[in-house]
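Undergrad: Chains as they are written, first to last, in our numbering: chain A, -16 to 444; chain B, 3 to 397. Pasting a structure below so you can have a look.
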Amino acid sequence: MFSERAAPTAQGLLGPPSAKPPTFPRVPVLGYSDCSGPFRPGERSFGRQYAHVYAVRLAGMRAPLERRARGRWGNDVVLRKLSELQAGEKCCVVGTLFKAMQLQPSILQEISEEHNLVPQPPLPKYIQPSDELILEDELQRIKLEGAINVQRLVTGTILAVYGSEQDDGRFLVEDHCFADLPPPLPWNGPSSDRFVLLASGLGLGSGSGEALLSTQLLVDVVTGQLGAEGEQSCAAHISRVILAGNLLSQNTQSRDTINKAKYLTKKTQAASVEAVKMLDEILLQLCTSVPVDVMPGEFDPTNYTLPQQPLHRCMLPLSSPYATLHLVTNPYQANLDGVRFLGTSGQNVSDIFKYSSMDDYLEILEWTLLAGHISPTAPDTLGCYPFYKSDPFILTECPHVYFCGNAPRFQSKLLQGAEGQRVLLVTVPDFSTTQTACLVNLRDLTCQPITFSSFGAEDED
Amino acid sequence: MADELYLENIDEFVTDQNRVVTYKWLSYTLGVHVNQAKQMLYDYVERKRKENSGAQLHVTYLVAGNLLQNGHVCHKVAVVREDKLEAMKSKLSTIASVHVYSIQKALLKDSSPLYNTDYDIVKTNLHNCSKFSAIHCDAAVPRMPPDIPRAQTSLQGSSQRENGTDAPSAPAVNGHGLPAAKQPSQQHKGIMGMFAAKAASKPQDTNKETKAEAPGVSTASSKPPTKNNIINNFFGKAAMNKLKVSPVPEQPKEEKEVVKPSVAVAETESSPNPVVEKPGKRTESARIQQKDRKSKMKRVDRSDNEEERDPENAKRKRKRIKQLESDSSDEEDVPPPPTPEEEQAPSPPPIPALKTEPEPAAVEVSAGGRKRKRKRVLKSKMFIDEEEGCMGKAG
């Protein structure tokens, strides 16, 4: 995208200084509205149990699932609750999945005295062939077997199964379906090229300097300092930058203060202090030139449970006076220039990765969209706020761009839905390891990765 | 436009000062548009190479363009050394831009000098970092900050009662400071309160120059000149000499003792280091500060005679605590020798002694501390009678 437009003037700066170099105005924001309201619970009380989350989730998704079931298996398919099941009768049941996994870390097992177990080390995947699927609804639960891929599914998914109850009390599944893509949103996208830069995993404070120059190059490209005139004028069409989490590196998380004696750690300050200062300077450079949305991630100084609340502006004294800085929640949903963006910092996808046989982040991302829920494994294995009124992670409208941050590599796919939905799925790679960010063109929903590199002691490629 | 001037400037930077001259650094230093800076660098290289091949100039370039990688076309932006320029250009299917990134005399092994140069120059120009950029954003205006007071100046106002008045404004002020600095800033106010009390006057501009980083540093730095006189007033010549000796062992302890979480603290303590005589007081205030913390943010009284009494109180408190809590944490590494030496009588010897009596009941801070605790502290009734040249015990 950039290169073709910029190519004519590529070598323009290899010459004596010109009298008046052009300055390009940044494209103005056509329209912005933050739709992340549901992700800010407001007053947070943790007095409730988590069972309510599943109850409201099932209640919220039952209607679309029943519609979907009727569409798939015929209008006259019998919809039953588990308590009304009759042996041998073919019917459809809507419920929540529960996957019983032997390797799933359980705090009760760890502290149980009779087991005397050493806590299990974290594994990349916790799946095992012996896992079982159980369907639960409001009152009962039943074991599932049959044409259902146990390894692939995760706890917390709401689905509809079609089959019959066996004599041994298990449900034999012949077919199942998910909520599928939510209803489409009208398209109000721009008619000319406009870009949104998606980056995640800046990983500041990691103590390693290689990625720092790449981060600086990224800031310079966006702010229009780098590149010849053609590239700078293209960069002026970047209307927004979204930083999708993990602005700080995992190294800032180590807390010596817990392990070491107090006299050794008295004078040490948290590594995140320096890292946040660096972040503030980088954000300042960006904010003076382009609107920025900052989403918190797994290693950022905000709460742990989803939905993560925005970073507090007191941590960013230099950049918070600018109106172009928006500190937003994780997950984040907004209308940018008429295009609906929805994305997370990647915790939902990486959690599903751990408990499912799916290996590809893009595949998992697509699967969550088809399952109609951003993060089904919350609150089981992913921390979540105990919602009780409604589950904000249910997808009610189909976004135009659906992204997740901190993926191992860049992938993108344009998904077309049966009802006219067009979704661009993007897995934003971790910048500190890949030095790659994504440029999304809002006009035609295409995405291009942009890589930065510098030279090191050895030559690569 | 001074065509030749910039060539001379670049020449000076590269050859004489042996700098790494990046386009960004040049743009800020000469105050020109970034594109002009890039062109200037290119022009300089060309001319220099034409003139004499004796001068060794190493140039790095920025190349950007399309590259087929992992099955999709990605836009690659790379900083390359001159010898790899053609190789990189040939790898790219379309070239979007090529320009000079930096010039330096030495061959760079890796790109960290480039990053450091850019980082430094941006750091010094943080408030107009997009001034010379090629893109200008109208929306990027800072909000008018009625709620962002010049926190630092109010924090370090030279009034002696700053800590008292600061307490109510502290929440609003600290709302824009770093949260990490919140806690130490309270402590700082304690120290600063001490320093402020001791310093006859604090220049306002030194206060202003310290940003959120080290509120204590400016106070510390402004302290020395004024403290000099005060110390001379307090201590006699004989004591002064002894004091010079004593602070040295105290200094390392001071550094150990005064524990503050933020970096500012290190700076605060490093500034006293060059000054030998000062540490005496500083250790006292440092110790006082620890005691403050120990006694739950108890602050020293901020009356006018505090300067005179505080060291004594501190010394005496110190002495008392040392005896009682000798096995307490290593914070309390109180050196025995300086204590008697420091027990000098201020100008009116008996007065402080008398004043110590009402002191204990009122040892609290009106300064900064939101917690005003009245604590009974045992005070030594000893004083040094300068006229007589002896130590006496009152009461």
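All C-beta atoms, glycine included, are put in the ideal place defined by N, C-alpha and C. As the structure is a computational prediction, the values presented were derived from the model and not from experiment.
Going along the chain, which residues of its own chain have a beta-carbon closer than 6 Å to the beta-carbon of SER29 of chain B, five neighbours each way excluded?
TA: The answer, listed in chain order, is VAL36, ALA39 and PHE134.
Undergrad: With 16 as the cutoff for other CB atoms within 10 Å, does PRO254 of chain B come out buried or exposed?
TA: Because PRO254 of chain B carries a pLDDT of 42, less than 50, the predicted location of this residue cannot be relied on, and no value is offered for it.
Undergrad: For HIS356 of chain A, which residues does DSSP report across the bridge?
TA: A:ILE377.
Undergrad: Check whether the Cβ atoms of LEU209 of chain A and SER113 of chain B lie closer than 9 Å to each other.
TA: Cβ atoms of LEU209 of chain A and SER113 of chain B: not closer than 9 Å.
Undergrad: Going along chain B in order, which residues have a C-beta closer than 8 Å to the C-beta of PRO391 of chain A?
TA: Those do not exist, as PRO391 of chain A stays about 12 Å from chain B at its closest Cβ, beyond 8 Å.
Undergrad: If the cut-off is 7 Å on Cβ atoms, which residues from the region 32 to 49 of chain B count as contacting chain A, listed in chain order?
TA: Flagged, chain order: HIS35, VAL36, ASN37, GLN38, LYS40, GLN41, MET42, TYR44 and ASP45.
Undergrad: Taking only the alpha-carbon atoms, compute the straight-line gap between GLN404 of chain B and GLN431 of chain A and give it to the nearest angstrom.
TA: There is simply no residue 404 of chain B to check, as chain B begins at 3 and stops at 397 in what is shown.
Undergrad: Just curious, the beta strand (DSSP E) that GLN399 of chain A is in, first and last residue?
TA: Per DSSP, GLN399 of chain A belongs to the beta strand (DSSP E) from 394 to 399.
Undergrad: Pull the bridge partners of LYS126 of chain A from the DSSP assignment, please.
TA: Paired residues: A:ILE117.
Undergrad: Verify the CB distance criterion: does ASP442 of chain A have a CB-CB separation below 9 Å to chain B?
TA: At ASP442 of chain A the pLDDT is 45, less than 50, meaning the model places this residue with poor confidence and gives no usable figure here.
Undergrad: Distance cutoff 9 Å, beta carbons only. Does PRO5 of chain A sit that close to anything in chain B?
TA: At least one chain B Cβ lies under 9 Å of PRO5 of chain A.
Undergrad: Shorter than 9 Å from the beta carbon of ASP203 of chain A to some beta carbon of chain B?
TA: With 9 Å as the cut-off, ASP203 of chain A counts as an interface residue toward chain B.
Undergrad: Give the interface partners of THR307 of chain A over in chain B, defined as CB-CB distance under 9 Å, in chain order.
TA: Result: CYS139, ALA141, ALA142 and VAL143.
Undergrad: Name the residue from A:GLN268, A:PRO107 and A:ARG50 whose alpha carbon lies nearest to the alpha carbon of VAL204 of chain A.
TA: Checking every option, the nearest Cα to that of VAL204 of chain A belongs to A:GLN268.
Undergrad: Please return the same chain residues whose Cβ sits closer than 8 Å to the Cβ of PRO375 of chain A, not counting the five positions on each side in sequence.
TA: The residues are PRO21, PHE22 and PRO290.
Undergrad: Any beta carbon from chain B within less than 9 Å of SER272 of chain A's own beta carbon?
TA: So yes, SER272 of chain A belongs to the interface.
Undergrad: Look at the alpha carbon of VAL311 of chain A and the alpha carbon of LEU180 of chain A, and state the distance between them as a whole number of angstroms.
TA: The straight-line gap from Cα to Cα measures roughly 16 Å.
Undergrad: Return the CA-CA distance between LEU155 of chain A and TRP350 of chain A, expressed in angstroms with no decimal places.
TA: Taking the straight line from one Cα to the other gives about 23 Å.
Undergrad: Which ranges does the alpha helix (DSSP H) cover as unbroken runs of at least 4 residues, wholly within the region 67 to 104 of chain A, from first to last along the chain?
TA: Those alpha helix (DSSP H) runs which fall completely within the region 67 to 104 of chain A and span 4+ residues are 90 to 94.
Undergrad: VAL79 of chain B and THR434 of chain A: beta carbons closer than 9 Å?
TA: Yes.
Undergrad: Taking 7 Å as the limit between beta carbons, can you name the residues of its chain near SER255 of chain A, skipping five residues before and five after?
TA: Correct list, in chain order: GLY188, LEU231, THR235 and PRO284.
Undergrad: Would PRO279 of chain A pass as an interface residue toward chain B - the criterion being a Cβ-Cβ separation below 9 Å?
TA: Taking Cβ atoms only, chain B never reaches closer than 9 Å to PRO279 of chain A, which makes this a no.
Undergrad: Roughly how many angstroms separate the alpha carbons of GLN394 of chain A and VAL409 of chain A, rounded to a whole number?
TA: Approximately 6 Å between the Cα atoms of the pair.
Undergrad: Hey, ALA141 of chain B and THR307 of chain A: beta-carbon distance below 9 Å or not?
TA: It is a contact, given that the beta carbons lie within the stated cut-off.
Undergrad: Quick one: which residues of the region 111 to 126 of chain B get their C-beta closer than 8 Å to a C-beta of chain A? List them in chain order.
TA: Going along the region 111 to 126 of chain B in chain order, one finds LYS111, ASP112, SER113, SER114, LEU116, TYR117, ASP120, TYR121, VAL124 and LYS125 with a Cβ nearer than 8 Å to chain A.
Undergrad: With DSSP collapsed to three states, give me the class of ALA80 of chain B.
TA: It is a strand residue.
Undergrad: Could you give the distance in angstroms between the alpha-carbon of LEU80 of chain A and the alpha-carbon of SER191 of chain A?
TA: Computed Cα separation, rounded: 43 Å.
Undergrad: The alpha helix (DSSP H) that contains SER222 of chain A, what's its start and end?
TA: Per DSSP, SER222 of chain A belongs to no alpha helix (DSSP H); it is in the beta strand (DSSP E), 221 to 227.
Undergrad: How many Å lie between HIS159 of chain A and ASN58 of chain A at the Cα?
TA: Looking at the two C-alpha atoms, the distance is approximately 16 Å.
Undergrad: With a cut-off of 9 Å, does the C-beta of GLN316 of chain A fall near any C-beta of chain B?
TA: So, not an interface residue.
Undergrad: Please identify, using Cβ separations under 9 Å, the residues of the region 205 to 228 of chain A that lie next to chain B, in order along the chain.
TA: Here the close residues are VAL205, THR206, GLY207, GLN208, LEU209, GLY210, ALA211, GLU212, GLY213, GLU214, GLN215, SER216, CYS217, ALA218, ALA219 and ILE221.
Undergrad: What's the C-alpha gap between ARG9 of chain A and HIS220 of chain A?
TA: Cα to Cα, the separation comes out at about 6 Å.
Undergrad: Which of the three DSSP states is assigned to GLY326 of chain A in this structure?
TA: Note: GLY326 of chain A maps to strand in three-state DSSP.
Undergrad: Please classify LEU345 of chain A as buried or exposed, where buried requires at least 16 neighbouring CB atoms within 10 angstroms.
TA: Buried, because 16 or more other Cβ atoms sit within 10 Å of the Cβ of LEU345 of chain A.
Undergrad: For GLY184 of chain A, which of A:ARG31, A:ALA130, A:PRO279 and A:VAL133 has the nearest alpha-carbon?
TA: Comparing Cα-Cα distances from GLY184 of chain A to each of A:ARG31, A:ALA130, A:PRO279 and A:VAL133, the minimum goes to A:PRO279.
Undergrad: Where does ARG49 of chain B sit, in a helix, a strand or coil, going by DSSP?
TA: ARG49 of chain B falls in the helix class under three-state DSSP.
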